[in-house]
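All remarks here apply to the structure that follows.
Number of protein chains: 2
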Amino acid sequence: MSTEENFVALLKKMSAYSEAVSIMYWDMRTGAPKKGIPARSEAVGTLSTELFKMSVSEEMGGYLEELGNRKDTLNPILLKTVEEVKKEYDLSKKIPAEEYREFVVLTSQSESAWEEAKEKADFDMFLPYLEKIVATTKKFIGYWGEKDGNPYNTLLDQYEPGMTTDIIDEVFGQLKETIVPLVKKISESGNQPDTSFLFKKFPKENQKAFSHEILKQLGYDFDAGRLDETVHPFATGINIGDVRITTKYDENDFRSAVFGTIHECGHALYEQNIDLELEGLPVADGTSMGIHESQSLFYEQFVGHNENFWTYNFDLLKSQSPEQFEGVALEDVLRAINVSKPSLIRIEADELTYPLHIMIRYEIEKGIFNGDYEVVDLPEIWNDKYEEYLGIRPKNNGEGILQDVHWAGGSFGYFPSYALGYMYAAQLKVAMLKDLPNFDELCGNGDFGPILDWLTEHVHKYGKMKQPLEIIKDTTGEGLNAKYLADYLSEKYTKLYNL
Amino acid sequence: MSTEENFVALLKKMSAYSEAVSIMYWDMRTGAPKKGIPARSEAVGTLSTELFKMSVSEEMGGYLEELGNRKDTLNPILLKTVEEVKKEYDLSKKIPAEEYREFVVLTSQSESAWEEAKEKADFDMFLPYLEKIVATTKKFIGYWGEKDGNPYNTLLDQYEPGMTTDIIDEVFGQLKETIVPLVKKISESGNQPDTSFLFKKFPKENQKAFSHEILKQLGYDFDAGRLDETVHPFATGINIGDVRITTKYDENDFRSAVFGTIHECGHALYEQNIDLELEGLPVADGTSMGIHESQSLFYEQFVGHNENFWTYNFDLLKSQSPEQFEGVALEDVLRAINVSKPSLIRIEADELTYPLHIMIRYEIEKGIFNGDYEVVDLPEIWNDKYEEYLGIRPKNNGEGILQDVHWAGGSFGYFPSYALGYMYAAQLKVAMLKDLPNFDELCGNGDFGPILDWLTEHVHKYGKMKQPLEIIKDTTGEGLNAKYLADYLSEKYTKLYNL
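The following block contains the structure:
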């Protein structure tokens, strides 16, 4: 066999392991009996370790070296594959094995410590762990090397290849200028929607039926996926023909299931529509966290919160919970599901205030790695920023800096993806309108096929064959631009609140 | 690390692979989306291949040799583990790799050929495959070596360690003497039960509720398992804390789900109650096909068909399908669910005629490997035996010799386990009565705990730490004895049919 064939064979073997690990995770989260979990976790650990060993093996190193030395002889898929695998290989190999092992132990202890600290709202309990994690991450950045003169870029690039603080500073700055005053105006507006009917009982079985119907409308392929229930919704691509989603049914707030399902559907449509030619290779995956999030947010916000979407689906919604919507007009629903109110907890935030939560985390992370902030000072910095951007201040660190697990797990550079995805989505939407000027009409007719086709053609099918900013450039003709999201939010909320 | 520790580490690693493969199989059969199946099958193939490689690796060979040379230094669990692993190792290593590979290809082609042949009821289409499979199996027996002077014993031993044609000839002979005349008398009896109400509609959701309730009664631990739906019911032990069962709901015949569930429950209780000390080792499994089947049949026949079991559960049954049982007395149900009638298809046979189907297959397999029968003559031999034992003759080979897939897959020596399990179960039941003389009363009170405890104490907890006949000897004080099953069937059917 040629080196190419051996390389692909090794990758496909790794893909089998990764498929096994994915299905075991899915199973643990959707219904595995609890007494089987300890043995299951060990099994997952064993297979993950084997997978890691293969990824940094001498065999792998040999292939990467040979193929890397003659890139001009590789077809485009193999070329991209070599680059992607090499990137991961280097990330792993540049850290001394013993230091990496210590870091894994540290983050695991740190997550436990965080859990207790959060419950007790006691930052001091978590402080020594966070300090060590930050120190180690700084050391790792030293091994990996700074990107474009900024240590934080090294972390950003791991989740969003090609993304830099220069770009983010600019787009977040622009976005902030629109959102902060909007939020303030809304808070002060006397024109608040009635949301009381949202919290009436909507039976779980009916939410399930509604979710299934919406998924079918949007083009989710049930022959290549399934919908289950979990505490925390997620989408998982096990292979291109098996992309599962889960949702959460709250009988006293149907929005959780409806928008959760649509959000995960956006993630799933991305992975269901990757070109089958890429199957079994590492390039058969979303190209970045941000682009992945752009697809989920595109569906959640630009389709699921579209007025015509609800014109089309209001009867269906009512039929699944008739009492709840008695005397409620479509317009009431539209106002209620788009309510905006500053809040302290990121995962409960609405679509207008959400980006502010992200900006705060971004600014803090950048400050940490650029040496502007000391870890011990972070709670105060956090609280000040909430007051500045959202006009509210956490009463304690439990509802402040301790609310998210990311830092305890050593994930820095991940948060920005959430807001980047939102901006990508808005920008893609404007580009889509050029090809589908009848977008609203399509939503009003429940004709979502052309929307999915467009996204598949411009985003999905490529998998990792294009970088995030390449997709944006090729599709919209420019780099990331915050204007589109700013315009969208501004127009939408001005209208909704009659500002 | 010591050799012992290295050996156990390798086995636990294999156990992780095997856990992954089990969960992937379970998933494929219970609800994996169909478009993901090709990639999933490849992943299962990859992991199974790796598992096989480990099982015959030089590393494994080295451990087995060293530990086999100093068995007196091993603790009982490790000693048994070495013996079990060595047995499998030898089975695999004695066949030249290329011949084994060819055999795998042959059986795979043969299964496809069988499928078509069965559909067309055309034995000639299947004949060349079956001849090759038999010839190859004979060659393999040559490699493995004859057991106790009989080539067929070599095959029996793979499913039922220690079992020989001498033992089976005796017990099957004894059983036949009871069953054949009984079946004849019943066929000629004018006292046939009314079974018409069995086939009335029993809604699936209610069958599900009933199944769950029965499982709880019998002691199935839902924290260590779950019940799902499949076309062919099965139980699968993923680890000791995760033993899942599936059943099939036929709305026009509730017996399928009820007795299917109880049968699989018997298998599952076995694996849920293996001593946790054995977890992760190959000895943490049922000791043989026959003993496994003894547990499923114990529950299906001796509990699930017990008169008092239904006294206790009749109200529950009625409440789940009130119309169906209007005007039906408990006695009618008992007679109907115990109806016996000779039939041609093994998997549809009742509990009285079932052993005859097994005996026919056993006699034919023995005849093949002892050189008494030629493959080409088998259809005629098959049909003659059905006429002799059951008084009916297949009209074609589709409902005759082609009905089962086992031989197409190269499984010879497996069939007897079904009837052995039945005899083990009857023998265990009589032994249990000495400790639990109030067995019927327990069933009548829905108090199944003591029954499960007894089986755990005498059978389940040992896993593979005892051989099948060792369990029977230790528990009942004698070897396998067909008398108990013969007596049970004789007494039961004489009473039911007023013979």
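Chain order of the listed sequences is A and B.
Here the working numbering runs 1248 ahead of the position in the first sequence, where the first position is 1.
Here the working numbering runs 1248 ahead of the position in the second sequence, where the first position is 1.
For glycine and all other residues, C-beta sits at the position ideal for the given N, C-alpha and C.
Remember, predicted model here, so these are calculated numbers, not experimental data.
Starting from the beta carbon of residue i, find every residue of chain A whose beta carbon is closer than 7 Å, and list them in chain order.
i                 : result
Phe1550 (chain B) : What Phe1550 (chain B) touches in chain A: nothing, since even the nearest Cβ is about 27 Å away.
Thr1294 (chain B) : Lys1261, Ala1264
Glu1527 (chain B) : Ala1287
Would you mind telling me which residues of chain A sit closer than 9 Å to residue i, beta carbon to beta carbon, in chain order?
i                 : result
Phe1470 (chain B) : Pro1281
For residue i, which beta-bridge partners are listed by DSSP?
i                 : result
Glu1477 (chain A) : A:Thr1495
Asn1398 (chain A) : A:Lys1395
Asp1490 (chain A) : A:Asn1487
Kindly indicate the opening and closing residues of the beta strand (DSSP E) around residue i.
i                 : result
Asn1556 (chain A) : No beta strand (DSSP E) holds Asn1556 (chain A); the alpha helix (DSSP H) holding it covers 1555-1568.
Ile1486 (chain B) : 1483-1487
Is any beta-carbon of chain B found at less than 7 Å from that of residue i?
i                 : result
Gly1284 (chain A) : yes
Glu1267 (chain A) : yes
Asp1490 (chain A) : yes
Arg1474 (chain A) : yes
By the criterion of Cβ-Cβ separation under 9 Å, what are the contact partners of residue i in chain B?
i                 : result
Glu1336 (chain A) : Within chain B, no residue comes near Glu1336 (chain A); the closest Cβ sits about 20 Å away, beyond 9 Å.
For the alpha helix (DSSP H) containing residue i, name the first residue and the last one.
i                 : result
Phe1687 (chain B) : 1687-1692
Phe1447 (chain A) : Here Phe1447 (chain A) belongs to no alpha helix (DSSP H), and DSSP marks it neither H nor E.
Ile1699 (chain B) : 1697-1706
Ala1257 (chain B) : 1251-1278
Leu1717 (chain B) : 1716-1724
Ser1542 (chain A) : 1537-1545
Gln1520 (chain B) : 1503-1520
Tyr1710 (chain B) : Here Tyr1710 (chain B) belongs to no alpha helix (DSSP H), and DSSP marks it neither H nor E.
Gln1751 (chain A) : Residue 1751 (chain A) cannot be examined here, being either before or after the span of chain A that is shown, 1249 to 1747.
Thr1742 (chain B) : 1731-1744
Ile1585 (chain A) : 1578-1585
Would you say residue i reaches chain A, if we count a Cβ-Cβ gap shorter than 7 Å as a contact?
i                 : result
Met1272 (chain B) : yes
Asn1487 (chain B) : yes
Cβ closer than 8 Å: which chain B residues qualify as neighbours of residue i?
i                 : result
Asn1254 (chain A) : Within 8 Å Cβ-Cβ: nothing; Asn1254 (chain A) doesn't reach chain B, min ~15 Å.
Can you pull the chain A residues whose beta carbon is under 8 Å from the beta carbon of residue i, in chain order?
i                 : result
Asp1275 (chain B) : Ile1271, Asp1275
Can you list the residues of chain B that residue i reaches, using a CB-CB cut of under 7 Å?
i                 : result
Glu1290 (chain A) : Ala1264
Comparing the C-beta of residue i with each C-beta of chain D, is any distance below 7 Å?
i                 : result
Tyr1407 (chain B) : The question asks about chain D, but that chain is absent: this structure's protein chains are A and B.
Would you mind listing the alpha helix (DSSP H) stretches within the stretch 1281-1337 of chain B that are 4+ residues and don't spill past its ends, in chain order?
-> 1285-1303, 1306-1316
Counting only runs of 4+ residues fully inside the stretch 1606-1638 of chain B, write out the alpha helix (DSSP H) ranges in chain order.
-> 1626-1638
Which runs of the alpha helix (DSSP H), 4 residues or longer, sit entirely within the stretch 1337-1417 of chain B?
-> 1345-1368, 1371-1392, 1399-1407
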